[in-house]
Each structure stands twice: as C-alpha cells, then as structure tokens.
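So the structure is just underneath, and the comments pick up after that.
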C-alpha cells in the first residue's frame, strides 16, 4: 500500500510536469522539482534532529511512569470497562495492560512509541482468537480505537510547530482535544453498533457519562470565550498539562522508590533507537511530497476542490489543509510530510497550517495500522474494522475543520 502511494506521488508529479512543459510551455518545472528533492531531504534531517530529542525525552519519562506502576494502575482502573467492551478477554489478561499502555502512548502523542506496544497487544489478543485469519471482536475494537487515536497530549505536533518556528507550539492543544474526542466517539459507537455492545450497561455508562458530561461542560465553557481567550486558554492548558505530567511521573516514581534517573536513561535509549529508524521513511515521503508540490499536481487538485467549495458558497480556507487529511489514512509519514509542507508553504500559524495540525492530531493512519497490526498476526479478514475506522477518520477531519473555524476563524 505504501509502495503504491509513494510511487503514485512521483508518477503524478511526472505527468503534471510534462503537461506544464508541453502544454504550458514551462520547462523550468523540472529544475524546480529537482531542487525540491534536495530541499526536502535537507528538511528531513532538520526535522529528525528535533525528533531525536522529543522521542528520547518522552520515552524516558514514560518508562518512569511504567516502573512506578502508573500504567498498571490505569489498567486496573479500566478493567471493568474493558470487561464489558471486550467480553472475550479475561480479566487480568496481559492484553489489557498492553492495550492501556498503547492508549497511554497514543494519548501522549508518542505515535511511534505506541506502535510496538500495540503490536504486542494485538499478538496477545490473537492468543484468544479462535480463528487464525479472521479478526475477533476484541481485535477490531482495539484497532478502531487505536486508529481513532484519542490524543490528549499531541507532543509530536507541538514538536513540528516548534521546528517550524511557532511562537506558541501548544496553540492547537484544545482544537486537537475536541477533534480527537469526536473521532474516538464515532469509532466507539460504530463498533458498538456492529458488535451489538451494550453501551447502556451500568458499568459502561459509569465510565462514559461522566466523561461526556465533563467534555460537554468544557465545550460550554469554551463557547462563552472569545477567540483570543480560546487561544490563550489552549496555550495555558497545553503547557500546564505537559509539565504537570512530567512532575507527576517524577514525584510518583520517587515515592515508589524508582531510580528515576536510571529509568529515564533506559527509556531514552529506546526512544533514540525508535527515532533513528524513522529517517529513511521521512526522507522518502518528504521528497515525494516536494516533487508533487513543485510539479503543480498538488495545487491542481486543490484548485479543483476549491472550485467545488466555492460553488457551494462555503469558505475555502481549509482546502489547503486537505492534503494532510487525504493521505493520513494511508501513511503517517506522508501526513507528517504534508503537514510540514503546509506549514512551510503557508506559515506555521496560518489557518491552513492550524487546520492541518489539528487534522494530524485527530486520527491515526487507518490503513497503515490495519496492515501492520493485522498483518503481524496473520489476520486476512478484517470484517467491519475498515468501515468503522474510516468513519472515525471522517468524523475527526470534519470536527477539526469546524473546531478551527471556531477557535481561529
């Protein structure tokens, strides 16, 4: 799938460049494409320098939280809920702890750290699966919730905004929180409908209703604020949450006699290993996106969408953010490349860049997650996993656009 997507970028760029040369009389397009290849390769290295530090930092703190028992505590707290949502998984099964840790990593925005944990969780669920080739209900629910990617702290997106020179990298904290909540809710409801899960079970409602009430009250509060106040609140909560988690990990770890420094270094080494493996993928996708942009193919496609939106009488400012949304279901690296390219082309705090950042944080790479997670355990029949995950993606994209108009429009 990624092979076809990457090849398609270059083929589209080649066709668009030939059209501009033979019909438009613009032979300079080929020089622009070659220049973009080297420019994007250089940008990849610049992004990776910051990525090394960020992943190393957060996997170090996450290891402290793990050794302090915070992840295990969260697993026990969510045990009754999972017993209703995944009735075929016995209480205390290792899969529940791994699922919780995976959700925690996703919630902290550590996408690449979450993947190996998620693979372990999927293998653990496969041990309970009576079929070797057909996805179980528990595996589908886990995959869809993973693909909807409830991101409470989008660290990686903050990092990209820092790298591109944003004065306030946490400005998109609240928009992402609202958009990713919409995505996750859509994913959960769609799976519950297909699997006939009893969401009205008293235990499930005891978890969901307070969360919904808190989120509703929070949104009501946001609705009463001006756009300036919204931006300030998003910045404050983003920075406060970020630093508050670090202090909580350290304090709890110290109280439970964890060697916090040694644990941090142990986790940081893992973060370094994860980060260095990403450079080839980042270079591959960024140069492909750069060629697509330089050839004019990307702009041509966006012009068509923009014309349709204008015909409907809608505001078209969000259209420039759509490349991120269009490739996100297929490839996280391609979506990151599109996000970075949008920031560079329009400005890191421009409306399209803010929408693209919110879209990036609202969902996961559906087809990539499906291919990797199910492929790792030999699942060939995904059943309703794809449809439910794509519905969650759509909900996240629509919510991202609406929320950004609310906050920044």
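Numbering (the numbering used here), first residue to last: 535 to 943. The C-beta atom is built at its ideal place from N, Cα and C for all residues, glycine as well.
Checking the DSSP bridge columns, you'll see residue 915 partnered with 668. Here the C-alpha atom of residue 550 lies approximately 52 Å from the C-alpha atom of residue 615. Annotated as distal: residue 869 and residue 880, with beta-carbon spacing of 8 Å or more. The beta carbon of residue 612 lies closer than 7 Å to those of 634 in the same chain, with the five residues before and after it left out.
The segment 733-741 and the segment 704-720 do not touch, with fewer than three beta-carbon pairs separated by less than 8 Å. Inclusion of residue 925 and residue 724 in the CB contact set at 8 Å is warranted, their separation being smaller than that value. Ranked by Cα distance from residue 874, the options 845, 827, 843 and 847 are led by 827.
The criterion of a C-beta distance shorter than 8 Å is satisfied by residue 895 and residue 710. Taking C-beta separations shorter than 7 Å and ignoring five residues to either side along the sequence, the partners of residue 916 in its chain run 669, 904 and 908, following chain order. Excluding five sequence positions before and after residue 571, the CB atoms of its chain that fall closer than 7 Å to its own CB belong to 821, 824 and 825, given in chain order. In this structure, the beta-carbon distance from residue 547 to residue 831 falls below 8 Å. Secondary structure within the segment 786-868: the alpha helix (DSSP H) runs of 4 or more consecutive residues, fully enclosed, are 794-810, 813-829, 831-845 and 856-861 (chain order). Secondary structure of residue 610 (DSSP, three-state): helix. In the three-state reduction of the DSSP assignment, residue 880 falls in the helix class, which pools H, G and I. Under the DSSP assignment, residue 722 falls in the alpha helix (DSSP H) whose first and last residues are 707-729. Under the three-pair Cβ rule at 8 Å, the segment 620-628 counts as touching the segment 661-675. Rounded to whole angstroms, the separation of the alpha carbons of residue 728 and residue 878 is 42 Å. Excluding five sequence positions before and after residue 636, the CB atoms of its chain that fall closer than 6 Å to its own CB belong to 648, 651, 652 and 655, given in chain order. Of the residues assessed, residue 748 falls on the exposed side of the cut-off, its CB having fewer than 16 other CB atoms within 10 angstroms.
DSSP places residue 620 outside any alpha helix (DSSP H), giving it a letter other than H or E.
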